[in-house]
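Here the structure comes first, spelled out in structure tokens, and everything after it is commentary.
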Amino acid sequence: MSDIFKGLDNSRPDGRWFLIARVSNMSVRFEVLGPLRAYQYDRPVGLGSVKQRLLLATLLAKADELVTSEQLIDVLWRHEPPASAASNLRSYARGLRTVLRSDSWDGLPPARGGYILRLLPGQLDLEVFDRATARAKAAAAAGDSVVAKAEWTRALSLRRGSPLSGLPHHSPLAEWVARIEERYLAAEEDYGELLLSTENWMDAVQRMRQLLDRAPLRERAWCQLLTGLYEMGNTTDALAAFRQARKIFATETGLEPGPQLTQLHDNILNRRPLAARQEKSRPTERRQKHPHTLVIPRQLPPLTHAFVGRREEIAQLDARLTPSPQGAELTAITVVCGMAGVGKTTLAVRWAHQTSNSFPDGQLYVNLRGYDKDSKLAPFDVLRDFLDALGVAQTRIPATLEGRTALFRSLLATRRILLLLDNAGDAEQVRPLLPGAGRITVVVTSRDQLHGLIVSEGAHALPLATLSRDESGEMLRLRLGEKRTSGDRESLDAIATTTGGLPLALSVVAARLASDPDVSLESVAANLRRSQNRLDALAVGDVRGSFWWSYRSLSLDAARVFRLLGLHPGPEIGEEAVSALVGSPIHVVRQNLRELTRLHLLDEIRPGRYTAHDLLWGYAVELLRSSEAHDSQRAARDRMYDFYLHRSHSAAVCLQPQWLTFTPHPPVSPGSYAPPSDQAEALAWFGTELDVLTRLVRQGTEGGYGMHAWQLAWALTAFLAPKGLWQLQFTVQRLALSAAEQSESMTGQATAHRLLGRAMTRLGMFVEAEEHLKHAQLRYEQARDMRGTAQALHNRTEVSFVTGDRQAALVHARKALRLHRLAGHAPGEARTLNSIGWVSAVIGNYAQAVDSCEKALKIQRQINDVNGQAATLDTLGYAFHGLGRWDEAVHSYRQSVALFRDSADRYHEAETRVRLGETLEEMGEVLAAVAEWLVAAEIFDELQDPAADDVRRHLARVDGASSEPGQHFGVLR
Numbered sequence: 000m001s002d003i004f005k006g007l008d009n010s011r012p013d014g015r016w017f018l019i020a021r022v023s024n025m026s027v028r029f030e031v032l033g034p035l036r037a038y039q040y041d042r043p044v045g046l047g048s049v050k051q052r053l054l055l056a057t058l059l060a061k062a063d064e065l066v067t068s069e070q071l072i073d074v075l076w077r078h079e080p081p082a083s084a085a086s087n088l089r090s091y092a093r094g095l096r097t098v099l100r101s102d103s104w105d106g107l108p109p110a111r112g113g114y115i116l117r118l119l120p121g122q123l124d125l126e127v128f129d130r131a132t133a134r135a136k137a138a139a140a141a142g143d144s145v146v147a148k149a150e151w152t153r154a155l156s157l158r159r160g161s162p163l164s165g166l167p168h169h170s171p172l173a174e175w176v177a178r179i180e181e182r183y184l185a186a187e188e189d190y191g192e193l194l195l196s197t198e199n200w201m202d203a204v205q206r207m208r209q210l211l212d213r214a215p216l217r218e219r220a221w222c223q224l225l226t227g228l229y230e231m232g233n234t235t236d237a238l239a240a241f242r243q244a245r246k247i248f249a250t251e252t253g254l255e256p257g258p259q260l261t262q263l264h265d266n267i268l269n270r271r272p273l274a275a276r277q278e279k280s281r282p283t284e285r286r287q288k289h290p291h292t293l294v295i296p297r298q299l300p301p302l303t304h305a306f307v308g309r310r311e312e313i314a315q316l317d318a319r320l321t322p323s324p325q326g327a328e329l330t331a332i333t334v335v336c337g338m339a340g341v342g343k344t345t346l347a348v349r350w351a352h353q354t355s356n357s358f359p360d361g362q363l364y365v366n367l368r369g370y371d372k373d374s375k376l377a378p379f380d381v382l383r384d385f386l387d388a389l390g391v392a393q394t395r396i397p398a399t400l401e402g403r404t405a406l407f408r409s410l411l412a413t414r415r416i417l418l419l420l421d422n423a424g425d426a427e428q429v430r431p432l433l434p435g436a437g438r439i440t441v442v443v444t445s446r447d448q449l450h451g452l453i454v455s456e457g458a459h460a461l462p463l464a465t466l467s468r469d470e471s472g473e474m475l476r477l478r479l480g481e482k483r484t485s486g487d488r489e490s491l492d493a494i495a496t497t498t499g500g501l502p503l504a505l506s507v508v509a510a511r512l513a514s515d516p517d518v519s520l521e522s523v524a525a526n527l528r529r530s531q532n533r534l535d536a537l538a539v540g541d542v543r544g545s546f547w548w549s550y551r552s553l554s555l556d557a558a559r560v561f562r563l564l565g566l567h568p569g570p571e572i573g574e575e576a577v578s579a580l581v582g583s584p585i586h587v588v589r590q591n592l593r594e595l596t597r598l599h600l601l602d603e604i605r606p607g608r609y610t611a612h613d614l615l616w617g618y619a620v621e622l623l624r625s626s627e628a629h630d631s632q633r634a635a636r637d638r639m640y641d642f643y644l645h646r647s648h649s650a651a652v653c654l655q656p657q658w659l660t661f662t663p664h665p666p667v668s669p670g671s672y673a674p675p676s677d678q679a680e681a682l683a684w685f686g687t688e689l690d691v692l693t694r695l696v697r698q699g700t701e702g703g704y705g706m707h708a709w710q711l712a713w714a715l716t717a718f719l720a721p722k723g724l725w726q727l728q729f730t731v732q733r734l735a736l737s738a739a740e741q742s743e744s745m746t747g748q749a750t751a752h753r754l755l756g757r758a759m760t761r762l763g764m765f766v767e768a769e770e771h772l773k774h775a776q777l778r779y780e781q782a783r784d785m786r787g788t789a790q791a792l793h794n795r796t797e798v799s800f801v802t803g804d805r806q807a808a809l810v811h812a813r814k815a816l817r818l819h820r821l822a823g824h825a826p827g828e829a830r831t832l833n834s835i836g837w838v839s840a841v842i843g844n845y846a847q848a849v850d851s852c853e854k855a856l857k858i859q860r861q862i863n864d865v866n867g868q869a870a871t872l873d874t875l876g877y878a879f880h881g882l883g884r885w886d887e888a889v890h891s892y893r894q895s896v897a898l899f900r901d902s903a904d905r906y907h908e909a910e911t912r913v914r915l916g917e918t919l920e921e922m923g924e925v926l927a928a929v930a931e932w933l934v935a936a937e938i939f940d941e942l943q944d945p946a947a948d949d950v951r952r953h954l955a956r957v958d959g960a961s962s963e964p965g966q967h968f969g970v971l972r
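The sequence shown maps to residues 0 to 972 in numbering that gives the first Met the number 0.
Below, the structure written as structure tokens:
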């Protein structure tokens, strides 16, 4: 193979930079810094199906190495290969050979037991990126800032989006992608330091503002921003930036900024020179210390005031901080185990706070809710939150459990972090959350000893017993004061005995005593002894007796509120929902909630938001079943589901008024649920209630409220889809489909199939998406719903478009157009005409595109569809661009930008600005083009969308051949 590649060319007459790997007379190169692409003669090569592209991606990740057939089958089918997997793999390999082969090169030479792809220098963009960053670092170290700047600019401009975007990331691809992301992040930060050292203050400030818009907890970037502003002479803005940083850190972490940023602020405040800071923060030193610098999470819950005993257990936890005698950086795992309410979480959180200085890179915490079947957290969702806490943008979090685990382990590999996994149900819930290696300390709390972790992961078990009689008395003294407890040791001992020394039960008793100073310890002890005859005791002590004693002191209304909370799925509830649940005015409910909080049966975690220990929630369920009439329970459930459904439905319509909707299930009390006043209020509703709503969809599906469940799932789409939370949307819509089938709702089944297909499209599951959309179309047809059928066809148009079948896309769109016209649905007719125009323009039929869009625009102006006009004008601009009618293209694009901006559609405004910039560049108006791209990049950064990196490629103007402008996922609106 050594004689196949004949040289390297990295120049163009117009000054743009790219690399071409010469293969005899054929040019071949590969790009992975964005969607996977291959080029011959600088022209894109069609790479076929998802699995065929996965095959190529895996071979590129293991370039020049033999990848066995077994390994490739595992990547392509994720441990569930069909019987024909080996045969299919050979077919995919033949497909790649066909598109990549030339007379002098076999792209995939035969290899025993697997496949191998050989690359030479310059053939893969990632290798070009790594070489450019290495040259940049070397030049910076040698003091050659001109070369360093050119090389870093060249490297950073190669990125076109998230690596291998559009492909599912399974191991080992997920790990490879995570490493690529880390290298790119490090290069961005190193380049920022170079700009400061060469006094390019304006450029540094601009880049850091963009960076901090996406990741506001990066202390290094804040330091660079403050430095740039101060050195420009803008002290006021530098100090304002620190105040902004401080507010963000306080809001997001509850902590002050770190010492470096604080010292920099002090230097600026006292107008000291900053040269020392720049020397101290040289890129190479920072990389050696923290090669995966993102943010420092501080997620520990607050300390409890009454903590007694546990000296031996704390000593054992301290001992786990001692380095391994073998010298290896092994993860230390401790399982704090014991019965419910014994104080496992209290001990773990107390120790974590006491040793926080041992973990300079932060503490991660999660309540896994392992023993609550309705609220148990899946590792997939926990990893999303952990990665978010570490500064990873939502759009860059992998869509698979394996990918998230790999990225999480990569980020923790060189850090000193405490990982506190609270209330784990079993070892399988914990394993995907464990670090791979490094100086990480893991503390798990569980009612189970988690023997599997001890055997397989070398975890250390730390059993936790109940408090002794003396410790129980000390806890009561701390809660009630010496004056209240002195002189009655017998009653204290009796309370300790009846509560079994269980800290949770002692807390409930102490709260009841604190609420009524006239109650004596003797009477409390006597009441607890009597309550033991009312309820069964637990294995140790009688926690139910403690709960019963507090419960029976409640007013009748407060007691009913507590019982009915057993109907709610958790993990928390707002006071308006409580009002709906119990059917009482909110001012009455607030009094009941204050009573429950005062007696420690509920905790107010935020103003108007309440939660409880899972034992107390379970106790409410027991009381509900034993003390609340069946009819009363059913009426309360109806009110609860009605409340959440109608509030969510009205919020969804407020956010997406143009969407195909339906009349929701009629409420028990019509007109009692006020819609949101504006979109901000609607967004706040979904942001606050997201966890509750997703649990209600599951609970409703499993509990006979299928109609409410699928309609709630539809409403959630208005929040999940614009945020790109497609994996959660996928999960919710699968439940919705089951719920709709149970309720025998044809409209519900059609809607769930359609929205599930849309989520699958965005997750790259195109074959499955097409099947669900076909089912949606069939059910809409059976329900004689022409608008729904047309919408399903519109979604099928998108699938066909993104999979490259443009003719099928046109067929679907024309069918949708006919149905919209038959239904007299003018908005749908116009938007479908725009879709036909877009597909026509992309395949080069620009005249047809202009004709279709002008018809659409006429309708949209008549019905005042502002957002629809914006989309159509954008397509017109693209078509005019293809015809070379530059002035008309610019005019259309500018109108589109203005309308998107007026309708608050930020994403499509940015997308149109990119295309406007491309047209302006063709006209030679480079400065005007740059102005549009700067605004577009800023918007994409605000949305945390990787398209921002594509825009920076335009701004750098040093990238190689690019695809035609605008062809990507969100084009069919």
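Positions of the beta carbon are idealized from the N, C-alpha and C atoms, including for glycine.
Closest in alpha carbon position to residue 828, among 806, 843, 788, is 788. Burial check for residue 717: the Cβ neighbour count within 10 Å reaches 16 or more, so the residue is buried. For residue 603, there is no enclosing alpha helix (DSSP H); the enclosing beta strand (DSSP E) covers residues 602-605.
Annotation: the region 390-422 contains the following complete segments of the alpha helix (DSSP H) (minimum length 4 residues), in chain order: 400-411. For the pair residue 640 and residue 819, the Cα-to-Cα distance works out to about 34 Å. The continuous beta strand (DSSP E) containing residue 364 extends over residues 362-366. If you look at residue 892, you'll find it in the alpha helix (DSSP H) that goes 885-901. Membership of residue 258 in the alpha helix (DSSP H) is indicated by the continuous run 258-268.
In the DSSP assignment, residue 460 falls within the beta strand (DSSP E) that extends over 459-462. Taking a 10 Å sphere around the C-beta of residue 585, we find fewer than 16 other C-beta atoms and assign the residue as exposed. Under the three-state reduction of DSSP output, residue 585 falls in the helix class.
Distance between residue 412 and residue 736, taken at the CA atoms: about 40 Å. Taking the C-beta atoms as reference points, residue 738 is found nearer than 7 Å to residue 705. Counting other Cβ atoms within 10 Å of its Cβ, residue 417 reaches 16 or more and is therefore classed as buried. Here residue 79 is exposed, its C-beta having fewer than 16 other C-beta atoms within 10 Å.
Taking C-alpha positions only, residue 645 is separated from residue 576 by approximately 12 Å. Leaving aside the five residues that flank residue 556 on each side, the residues in its chain whose CB is nearer than 6 Å to its CB run, in chain order, 591. Between residue 560 and residue 595 a beta carbon distance of about 7 Å is seen, short of the 8 Å cut, so the two are scored as contacting.
Burial check for residue 707: the Cβ neighbour count within 10 Å reaches 16 or more, so the residue is buried. For residue 335, the enclosing beta strand (DSSP E) has its first and last residue at 331-336.
Residue 350 is classed as buried because its beta carbon has at least 16 other beta carbons within 10 Å across all chains shown. DSSP places residue 37 in the uninterrupted beta strand (DSSP E) bounded by 36-39.
Put simply, the region 355-371 touches the region 420-436. At least three CB pairs are less than 8 Å apart. Taken in chain order, the complete alpha helix (DSSP H) segments of 4 residues or longer contained in the region 169-251 are 172-196, 200-213, 218-230. By the neighbour-count criterion, in which a residue is buried when 16 or more other Cβ atoms sit within 10 angstroms of its Cβ, residue 256 is buried. DSSP lists 36 as the bridge partner or partners of residue 30.
Residue 742 sits in coil when the DSSP states are folded into three classes, being neither helix nor strand.
Here residue 90 carries a helix assignment [DSSP, helix/strand/coil].
For residue 610, the enclosing beta strand (DSSP E) covers residues 608-610. The count of Cβ pairs closer than 8 Å, one atom from the region 180-194 and one from the region 56-71, stays below three, leaving the stretches out of contact. When C-beta atoms of the region 158-171 are compared with those of the region 194-214, fewer than three pairs fall below 8 Å, so the two segments do not count as touching. Contact annotation: residue 268 and residue 221 have beta-carbon atoms that are not nearer than 7 Å. Setting aside the 5 residues that flank it on each side, residue 778 is surrounded in the same chain by 745, 748, 749, 752, each with a C-beta closer than 7 Å to its C-beta; the list follows chain order. Taking a C-beta distance under 7 Å as the contact criterion, residue 734 and residue 756 do not qualify as a contact pair.
For residue 152, the enclosing alpha helix (DSSP H) has its first and last residue at 144-156. The shortest CA-to-CA distance from residue 507 to any of 647, 419, 612 is the one to 612.
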